[in-house]
Each structure stands twice: as structure tokens, then as C-alpha cells.
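The opening position of the sequence shown corresponds to residue 15 in the numbering used here, with each subsequent residue numbered one higher. Here a beta-carbon is modelled for each residue, glycine too, at the ideal position from N, C-alpha and C.
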Amino acid sequence: MLITSKNPAQGFAALGQAKTSSSAEIQAAVARARRAQGPWAALPLAERIAALRPLIALMEGEGEVLARAVSREMGQTIRLSRAQVDLALENFAWKLDNAPAILAPRETCPGTVVHRIPIGTGAAIFSWNFPLPNLRTALQAVIAGNTVVVKYSEEVPLFSALLDDLVARAGVPEGVMGFVTGGADVGQALLEQEIDFVSFTGSADTGRAVYARAAEKCIPAVLELGGSSPGLVFPDANLDAALPQLLEQRFSNAGQFCSALKRLLVHTDSFEEVLGRLTTAARAMTLGDPLKEDTDMGPLVAARQLDLLEEQVADALERGAVAVCGAMRPEGLHGAFFAPTILKGVTRDMRVWREEVFGPVLPVVPFETYAEAIEMANDTLYGLTALVYTGDAALAARAARDIRAGVVSVNGASFRDPANPFGGVKGSGLGRENGVEGFYDVTQAKLIAGSGA
Ligand code: NAD
Numbered sequence: 015m016l017i018t019s020k021n022p023a024q025g026f027a028a029l030g031q032a033k034t035s036s037s038a039e040i041q042a043a044v045a046r047a048r049r050a051q052g053p054w055a056a057l058p059l060a061e062r063i064a065a066l067r068p069l070i071a072l073m074e075g076e077g078e079v080l081a082r083a084v085s086r087e088m089g090q091t092i093r094l095s096r097a098q099v100d101l102a103l104e105n106f107a108w109k110l111d112n113a114p115a116i117l118a119p120r121e122t123c124p125g126t127v128v129h130r131i132p133i134g135t136g137a138a139i140f141s142w143n144f145p146l147p148n149l150r151t152a153l154q155a156v157i158a159g160n161t162v163v164v165k166y167s168e169e170v171p172l173f174s175a176l177l178d179d180l181v182a183r184a185g186v187p188e189g190v191m192g193f194v195t196g197g198a199d200v201g202q203a204l205l206e207q208e209i210d211f212v213s214f215t216g217s218a219d220t221g222r223a224v225y226a227r228a229a230e231k232c233i234p235a236v237l238e239l240g241g242s243s244p245g246l247v248f249p250d251a252n253l254d255a256a257l258p259q260l261l262e263q264r265f266s267n268a269g270q271f272c273s274a275l276k277r278l279l280v281h282t283d284s285f286e287e288v289l290g291r292l293t294t295a296a297r298a299m300t301l302g303d304p305l306k307e308d309t310d311m312g313p314l315v316a317a318r319q320l321d322l323l324e325e326q327v328a329d330a331l332e333r334g335a336v337a338v339c340g341a342m343r344p345e346g347l348h349g350a351f352f353a354p355t356i357l358k359g360v361t362r363d364m365r366v367w368r369e370e371v372f373g374p375v376l377p378v379v380p381f382e383t384y385a386e387a388i389e390m391a392n393d394t395l396y397g398l399t400a401l402v403y404t405g406d407a408a409l410a411a412r413a414a415r416d417i418r419a420g421v422v423s424v425n426g427a428s429f430r431d432p433a434n435p436f437g438g439v440k441g442s443g444l445g446r447e448n449g450v451e452g453f454y455d456v457t458q459a460k461l462i463a464g465s466g467a
């Protein structure tokens, strides 16, 4: 069976086709990975790292090709795609450079040593929204001596084929990082194989199904799931600094970020000003062809994503929310485009509050007291990231402590450094990618007592 990749910015015109992996091909990919795992893990870490560096060098050389492939297939603006390629390569290089220190044996008491050993062969199942950065979880697993079979979302089959080709061209030993292609059924079939762990990036609903299957098999799972990140703007926040960041946090990648700002909570003192200034900025954004250098926002990834977003917005409007701007498909553009939308009058019964909103729609809600702000921030199934804006360091520290999230950013501080563990609490998942913790989640501790080595 063939998957047709469609261009969401050009009326869903076909970009190309990829073959869905058959059951036999999925089995064969896992068998290759299993055969490769023992010899790969037996290599000294320095040799594994040396074997992977050509892949990173090749990706660097092909950076523009990778960026354009992402922009064409899922609609990310070319400026963002290029920045994401750079960020991903920086992340991959950090992993290669720091693995020796992180994975080094550690003496717990005289003569007793903990080794970080690979888990085995894993299934790495990914979403479409940041395809190259997503590979970092697979890469950290492979550096640590595991082998993986990667399955990207059916929305980016051509990008997956491109990476498969780069891995082969870079001379990474066969089976160390393999690829299968297809949708949910291929993901399910992959989970049915003899695998030792799962690394999953995707929605909370799918994550729960993946986790259930992993539990039945009694294998570990790292789950990087969705989010409904709150942004809290206290009365003493520096709005000149905060507003451009808030705009980017919501509308970058057409709102399709796991960690994007999804609910903005603003103190009543500055509510009208924040609403007004954000609306002016949102209206000024240039929508259009993601491959044009001056485009601020491209389309959503696919028609199904646009349909879901429209249903969520319609639900809010029917229940009494008011669209201050947007809430429509922009005229003259053919594809999965949706205008940057700001909603006020949002209440907690609305889908835009209760569900993850994966598109350019921002509910802005006022609060009076600190307690009210924290209670609203935590009123979500999710707990991935949160943004806090205030000039008061003690207040920021208190809010960062009280918000239930895996990551809290104060006054726009970046959390993207590869040394930082990234991941969520509550319905946003389990385990971490990046940093020391990322390596720990794709390895197991093995204690050897008495050997002295
Ligand atoms: P999705 O859950 O629909 O799909 C994710 C992947 O799982 C795809 O490859 C899909 O084909 C596969 N899949 C679907 N059903 C499956 C099943 N039953 N068994 C096995 N595999 C299955 O998610 P999506 O729409 O591709 O991605 C968007 C979601 O990903 C958002 O919720 C977003 O927040 C989340 N996300 C999270 C992070 C993070 O780091 N926390 C990063 C990126 C995206």
C-alpha cells in the first residue's frame, strides 16, 4: 500500500508517495535490529560515537535539504525549519560529546560499581511536528548501545525516507537505526514484535494505548505526550519583553508545539492591555507559503488537524467565548490554513480549555489572586511546560514550585539546552529526553559488587 504525502500549503497537492511497511518488512526490520544489538553494544562507547559522527556531519551538510523537506511536507516556515535543524544538530552533538561522562561506571562503595547498560532493541514511534529534533530520543538510545526501529508519523513519510537514506549513506551499521513507514497500524504491529522498550512521542490518547501494550509486555516506555501549557502574567511583568515571546510561544509552527503556550492567564490589571497588544500583533502576522522567507505562519499539518481545530473553536464560540481575532480560514489561501485566533470569555467547560489545542488559537483568561492563577494553571490533565512572567523573583520561585509541570520557564528563559531534561508530569508522559536523565531512561543500572572494576 502507498501513502501519498500531501502539501498542506498548496491545496493538498501530492508531493510524492511512500510504501507502507508490510508485516514481513516490520518483522524483518526488528530482526535486523536484534541481530545488530549485541555486536553494537559490545563496541566500546568511543567506537559507537565515532560510528555515529558521520551521520551528524551528513545531516549538517544536508541541512537545507532537511529543512525544506519539513517545510514542504508539514508546513513549518522555512525560517523555523532551519532553526530546528540547527537546534537538533546541536542536541545530537551534545549527546555524542557528553555520553562518555554520563554513561561512565560509577563506584557506589569500595569495589562496587554501577554500570549503565543498554536495554536492548526498541521501537521509537514519533509524531510529525518537529521531525528532526524528535530523532534525539532514538539517537540517545543508540549511543547507549541499544538498537532502534523508528516509525515516524504517516504525515511525514518522505522525511522519514530521507532520514533512512542518510543513515545508510553515513555508514551506520545495518540494523542499528532502521525505519518502517506507515500509520497507527504499523505502529501497533511494531509494538507486537519482540522489542525491549518503547520511546514514544505523540498524543496522550495514543500514548496511553502504547503504555498499556508496554505494560502487558513488561517493558519500559518513555512517553513524550501532549501539553496544555499555561502562561501566567503577573501585574509587575515586563510586557514589552513578554508579549513577543508569548506571541511566538503560541503561534510558532502554527501552534503545533507540544510545549506551546495553550492557555494565557493574565492579571486583571493588565488583562485589557495584554489582550489588545497580542491581538494587534496576531493580526499583523503574514500567513502563506512556508517556503517564503517572510512568512510568519504556514498551514497546519493536514486537513484532519484543521477540522479538529475548527470543532474546538466552534465549541468555544457556541458556549459563549468571543473571538477577538481570527477564528476562520484566511481567504485566498488553499490548504490547512487557520488565522491566528485569540479568544476571550473562555470557560472551563469548553474544549479549548479541557483539551490540547494543536493550532494557532489562544484563550486569554483573567485572574485576580495568586491562588486563582495557580488553580487555573493546574486545571488540566497535562503537565508539560509552564511560563511565568513577573518582576518579583520570590513570586516567580513560588509559582514555579506550585505549578505542576515538568518544565517551568521564568520570564522567557529558554529550556532548550540539550543538557536540560525535557518531559512532562501527569498526562504529559513519563521519562525524560535530553540531559543526564535522557540517557538514564534508555539504559538500565547494572550493579557489580566485589569486582573492583
Ligand atoms: P499521534 O498520537 O496521533 O501519533 C504519534 C505516532 O503514533 C504516529 O507515528 C502514529 O502513526 C503512531 N500511532 C498512532 N496510533 C498508534 C497506536 N495505536 N499504536 C502505535 N502507534 C500509533 O500524535 P501526532 O498527531 O502525530 O502528534 C501530535 C501530538 O504529539 C501532540 O499531542 C503533541 O503535543 C505531541 N508531541 C509531544 C512531544 C513531547 O516531547 N512531549 C513532542 C512532539 C509532539
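Residue i (DSSP reduced to helix, strand or coil)
i: residue 120; result: strand
i: residue 362; result: coil
i: residue 263; result: helix
i: residue 403; result: strand
i: residue 173; result: helix
i: residue 180; result: helix
i: residue 33; result: strand
i: residue 85; result: helix
i: residue 201; result: helix
i: residue 20; result: strand
i: residue 157; result: helix
i: residue 104; result: helix
i: residue 91; result: coil
i: residue 418; result: coil
i: residue 238; result: strand
i: residue 253; result: helix
i: residue 165; result: strand
i: residue 379; result: strand
i: residue 150; result: helix
i: residue 387; result: helix
Cβ-based neighbour list, residue i, same chain, cut-off 8 angstroms, excluding 5 preceding and 5 following
i: residue 125; result: 463, 464, 465, 466
i: residue 294; result: none
i: residue 283; result: 249
Bounding residues of the alpha helix (DSSP H) (the contiguous stretch that carries residue i)
i: residue 440; result: That residue, residue 440, is in no alpha helix (DSSP H); it is neither H nor E in DSSP.
i: residue 328; result: 317-332
i: residue 285; result: 282-297
i: residue 75; result: 59-75
i: residue 452; result: 449-454
i: residue 221; result: 218-231
Test item: CB-CB of residue i and residue j under 8 angstroms
i: residue 268; j: residue 312; result: yes
i: residue 88; j: residue 171; result: no
i: residue 245; j: residue 442; result: no
i: residue 138; j: residue 37; result: no
i: residue 102; j: residue 150; result: yes
i: residue 189; j: residue 46; result: yes
i: residue 116; j: residue 453; result: yes
i: residue 278; j: residue 377; result: yes
i: residue 83; j: residue 173; result: yes
i: residue 399; j: residue 420; result: yes
i: residue 402; j: residue 379; result: no
i: residue 259; j: residue 426; result: yes
i: residue 48; j: residue 135; result: yes
i: residue 397; j: residue 438; result: yes
i: residue 105; j: residue 133; result: no
i: residue 194; j: residue 205; result: no
i: residue 196; j: residue 34; result: yes
i: residue 143; j: residue 263; result: no
i: residue 326; j: residue 369; result: yes
i: residue 287; j: residue 261; result: no
Same chain, Cβ closer than 6 angstroms to residue i, neighbours up to 5 away in sequence not counted
i: residue 141; result: 167, 215, 216
i: residue 127; result: 119, 121, 462
i: residue 339; result: 293, 296, 297, 356
i: residue 175; result: 32
i: residue 13; result: The chain is shown from 15 up to 467; residue 13 falls before or after that span and cannot be answered.
i: residue 256; result: 403
The beta strand (DSSP E) enclosing residue i, as first and last residue numbers
i: residue 458; result: 457-463
i: residue 191; result: 191-194
i: residue 211; result: 211-215
i: residue 339; result: 336-339
i: residue 129; result: 126-132
i: residue 137; result: 135-139
Beta-carbon contacts of residue i that lie in its chain and below 7 angstroms, excluding the five residues immediately before and after
i: residue 73; result: 80, 103, 180
Query raised in the report: If you pair each beta-carbon of the region 148-165 with each one of the region 101-112, do three or more pairs fall below 8 angstroms?
Result: The region 148-165, when compared against the region 101-112, does touch it at the 8 angstroms Cβ threshold.
**Report entry** Segment contact flag, the region 184-198 with the region 228-246, C-beta cutoff 8 angstroms, min 3 pairs
**Finding:** no
Query raised in the report: At a cut of 8 angstroms, does the region 325-332 reach the region 347-366 through at least three beta carbon pairs?
Result: Touching, yes.
Query raised in the report: Is the region 15-31 close to the region 332-351, with three or more CB pairs under 8 angstroms?
Result: yes
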